[in-house]
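In my numbering, the protein residues as written are 944 to 1032.
Virtual Cβ for every residue (Gly too), placed ideally from N, Cα, C.
Here the structure is laid out as structure tokens; the discussion comes afterwards.
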């Protein structure tokens, strides 16, 4: 899915779910990954991080099978967030 300054995706992984953000334009941003699942559970990553244009960051949520989940990318400066489509594991 497009964030306007990059692309944000979620994939299944043998350990759980991977989220990935590829920033292609704009100023350096302070962002945070989360995983939001239809079963009501939400998981955080290791905390917010900076990402600049041209960089790609990935995080594996090693939470096993949680059913259908979405990746959530939060811009910590503005509070804006984006949700991917659902993937099931």
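Beta-carbon separation (whole angstroms), residue i vs residue j, contact threshold 8 Å
i, j, result
"residue 1014", "residue 976", "7 Å"
"residue 991", "residue 1019", "5 Å"
"residue 995", "residue 971", "4 Å"
Check whether residue i and residue j have beta carbons under 8 Å apart
i, j, result
"residue 979", "residue 1016", "no"
"residue 1029", "residue 1009", "no"
"residue 964", "residue 947", "no"
"residue 959", "residue 1004", "yes"
Host beta strand (DSSP E) of residue i (start-end)
i, result
"residue 950", "949 to 956"
"residue 962", "959 to 966"
"residue 979", "972 to 980"
"residue 999", "999 to 1004"
Residues that residue i bridges to, as DSSP identifies them
i, result
"residue 1020", "Partner(s): none; residue 1020 has no beta bridge."
"residue 987", "977"
"residue 1030", "1012"
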